[in-house]
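Undergrad: The C-terminal residue of the sequence shown carries number 396 in UniProt numbering, and the numbering is unbroken.
Structure incoming, see below.
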Amino acid sequence: IRSVRDLPVEGRRVFVRVDFNVPLEGGKVGDDTRIRAAIPTLRHLLERGARVVVASHLGRPKGAPDPKYSMEPAAQKLAELMGVEVLLADDCVGDGPRKVVQDLREGQIACLENLRFHAEEEKNDAQFAAELAKLGDVYVNDAFGAAHRAHASVAALPKQIRDRGAGFLMEAELDALGKISKGEVQRPYVAVLGGAKVSDKLAVLEALLQKVDALIIGGAMANTFLAAKGASMGKSLVEQDKLALARTIMTRAGERKVDLLLPDDFVVGTGLDATSGRAALPDEIGAEEMALDIGPKSVEAFSKKLRGAKTVFWNGPMGLFENEAFAAGTRAIAKTMSELSGAFTVVGGGDSVAAVQETGLADKFGHVSTGGGASLELLEGRKLPGVDALR
Ligand code: 3PG
């Protein structure tokens with residue numbers, strides 16, 4: 006895969022697929038992390054005298070224009086962050102964008118309208134890709150977050166443009182997550198997995214078990230493991246149909262000599278919207294209570310394990326951190342990781358990344374992925390269509 010650094014971009018139109026699929030709040034960009042992350046590539050291209058065209062999807066519109074999902078707020082935020090003029094086209098194909106790109110002046114960026122306003126995008130339609138190809142002489146993919154989608158702008162389009170390559174963000178993501186997924190890292194290598202369901206993380210769990218020295222499991226998915234060991238978890242979320250699977254995973258961890266850590270205690274509450282919780286050991290969970298966060302003993306035990314690590318990968322929150330009453334465990338784990346000196350720390354996946362951003366500690370991590378699904382698929386060892394298409 007060629008790097009944007011090595012592509013002949015001077016004076017040429019460069020189509021940059023970015024992932025500006027950002028959360029919106031009241032018509033404005035809520036979290037601009039993904040926009041910031043694309044800036045090094047865009048700056049490099051402008052400095053090299055390229056005519057830059059950025060394109061992205063936003064949300065999941067139903068294959069037709071929907072003003073709710075316009076790229077307008079993202080384009081505005083990009084202009085603000087870069088201090089350059091960003092011209093928004095009224096569509097991503099056809100005469101409108103062609104004119105905008107044609108009229109681009111030095112230092113300006115053209116932003117296409119939401120790619121998913123056309124159903125052909127998600128169908129990976131070659132004809133639609135050919136229309137997009139008319140807007141660029143060179144193709145750069147910096148949309149790591151969308152690399153697991155076999156969609157036209159990600160998969161079909163690059164195959165139609167000979168000068169194609171990866172942007173700086175894509176390179177950084179593939180480098181950090183690639184090392185993590187291959188286990189080509191310094192040891193001890195400790196992975197922390199959280200989130201609600203074992204079933205969502207099964208493939209990642211199995212892939213990590215082959216590589217790590219220790220696996221820490223928190224979040225509601227830990228409930229299923231504890232229930233499989235015979236703990237009574239009250240009204241906690243437990244996947245009853247995954248108990249046997251949880252036992253198999255624990256056996257496999259034993260066989261591979263992977264140290265598997267589960268929570269020793271919890272913060273329990275009466276429901277997802279409870280406004281307070283109390284610390285409880287597994288056998289102290291009341292019949293009407295739910296485990297909604299890891300407790301202080303677990304934070305201590307997990308932190309101790311993390312402090313001995315040379316490499317850490319984290320995916321998934323330790324509890325219901327969007328509820329203030331159950332956010333402490335996730336925050337404490339983020340803090341411990343941020344304080345590790347001499348360890349390579351990687352966070353991947355939407356919710357744990359949001360937790361890290363929220364604590365303001367993101368710059369203390371080795372790598373914070375902009376990819377949700379994409380980072381998990383990479384970890385699972387699956388091929389990403391958006392990466393393959395760059396080869
Ligand atoms: C993401 O946010 O994970 C990517 O932008 C992909 O979005 P999607 O899940 O709607 O395809």
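Beta carbons are placed, not taken as given, at the ideal position from N, Cα and C, and that holds for glycine.
All of these numbers come straight from a predicted model, not from anything done at the bench.
1. Excluding five sequence neighbours on each side, which residues of the same chain lie with their C-beta closer than 6 angstroms to the C-beta of residue 425?
2. Confirm the yes/no value for this check: CB of residue 400, any heavy atom of ligand 1, distance under 6 angstroms.
3. Please list the terminal residues of the continuous alpha helix (DSSP H) segment that includes N228.
4. Is the Cβ-Cβ distance between A339 and V358 less than 7 angstroms?
5. Report the three-state DSSP secondary structure of F122 (helix, strand or coil).
6. Relative to the alpha-carbon of D142, which residue among E127, F133, K128, V106 has its alpha-carbon at the smallest distance?
7. Return the CA-CA distance between E294 and F370, expressed in angstroms with no decimal places.
8. So does H377 have its beta carbon nearer than 6 angstroms to some heavy atom of ligand 1?
9. Between which two residues does the beta strand (DSSP E) holding I221 run?
10. Per DSSP, what are the beta-bridge partners of N146 in this structure?
11. With a floor of 4 residues, list each alpha helix (DSSP H) that falls wholly inside the stretch 37-95, ordered by position along the chain.
12. Contact check, A219 vs L266 under 8 angstroms by CB: the rounded distance?
13. Is F331 near G321, with beta carbons less than 7 angstroms apart?
14. Can you grab the Cα-Cα spacing for the pair T364 / G99, in whole Å?
15. Would the C-beta of N129 count as close to ligand 1, meaning under 6 angstroms from any of its heavy atoms?
16. Please classify I338: does DSSP put it in a helix, a strand, or coil?
17. Assign R283 to one of three DSSP states: helix, strand, or coil.
18. Does the separation of the CB atoms of G354 and G377 fall below 7 angstroms?
19. Can you tell me whether P13 is buried or exposed, with buried defined as 16 or more other CB within 10 angstroms of its CB?
20. What residues in its chain sit with their C-beta under 7 angstroms from that of M29, if we drop five residues either side in the sequence?
21. Which partner residues of residue 1 appear in the DSSP bridge assignment?
22. Of the choices S346, P45, T38, K234, whose alpha-carbon is the least far from that of F173?
23. Three Cβ pairs or more, each shorter than 8 angstroms: is that satisfied between the stretch 123-143 and the stretch 152-164?
24. So is R283 buried or exposed if we call it buried at 16+ other beta carbons inside 10 Å?
25. DSSP puts H372 in a beta bridge; with which residues?
26. Output the residue ranges of the beta strand (DSSP E) runs that lie fully inside the stretch 249-304 and measure 3 residues or longer, sorted by chain position.
27. Of all the options L51, P268, T229, which has the alpha carbon lying nearest to the alpha carbon of K302?
28. What are the start and end residues of the beta strand (DSSP E) that includes F318?
29. Beta-carbon separation of P193 and G313 under 7 angstroms?
30. Pairs of beta-carbons, one from the stretch 205-213 and one from the stretch 52-68, closer than 8 angstroms: are there three or more?
31. Suppose the cutoff is 7 angstroms on Cβ atoms and the five residues either side in sequence are ignored; what does the same chain contact list for T229 look like?
32. In the DSSP assignment, find the unbroken alpha helix (DSSP H) run with L384 in it and report its ends.
TA: Concretely, from the data shown:
1. This structure does not reach residue 425, given that the chain is present from 6 up to 396, and the question cannot be answered.
2. What is shown of the chain runs 6 to 396, which leaves residue 400 out entirely.
3. Residues 226-233.
4. The answer is no: Cβ separation not under 7 angstroms.
5. Here F122 sits in helix by DSSP.
6. Per the Cα distances, V106.
7. Those two C-alpha atoms are separated by around 35 angstroms.
8. Looking at the sequence provided, one finds Gly at residue 377 rather than His. Correct: G377 has its Cβ closer than 6 angstroms to ligand 1.
9. Here the beta strand (DSSP E) through I221 covers 219-222.
10. Partner residues in the beta bridge of N146, as assigned by DSSP, are R22, A171.
11. Correct list: 38-52, 77-87.
12. Sure, about 7 angstroms apart at Cβ, within 8 angstroms.
13. Not closer than 7 angstroms, so no.
14. Going by the C-alpha atoms only, they are around 44 angstroms apart.
15. Checking the Cβ of N129 against ligand 1 gives no.
16. Under the three-state reduction of DSSP output, I338 falls in the helix class.
17. Strand.
18. Contact flag set, yes.
19. Counting Cβ neighbours within 10 Å, P13 comes out exposed, since fewer than 16 surround it.
20. The question names Met, but residue 29 in the sequence shown is Leu. Answer for L29: G35, P78, listed in chain order.
21. Since the first and last residues shown for the chain are 6 and 396, residue 1 lies out of range.
22. The option with the nearest alpha carbon to F173 is P45.
23. Contact between the stretch 123-143 and the stretch 152-164 is present, because at least three Cβ pairs lie under 8 angstroms.
24. The Cβ neighbour count for R283, taken over all protein chains shown within 10 Å, is under 16; the residue is labelled exposed.
25. V351, per the DSSP bridge assignment.
26. For the stretch 249-304, whole beta strand (DSSP E) runs of length 3 or above, ordered along the chain, are 264-266, 271-274, 283-285, 295-299.
27. Ranking L51, P268, T229 by Cα distance to K302 puts P268 first.
28. Counting along the chain, the beta strand (DSSP E) containing F318 begins and ends at 316-320.
29. In this structure, G313 lies closer than 7 angstroms to P193 by Cβ.
30. Contact between the stretch 205-213 and the stretch 52-68 is absent: fewer than 3 CB-CB pairs across the two stretches fall below 8 angstroms.
31. Around T229: V203, V243, E244, K247, L248, A251.
32. From DSSP, the alpha helix (DSSP H) with L384 extends over 378-384.
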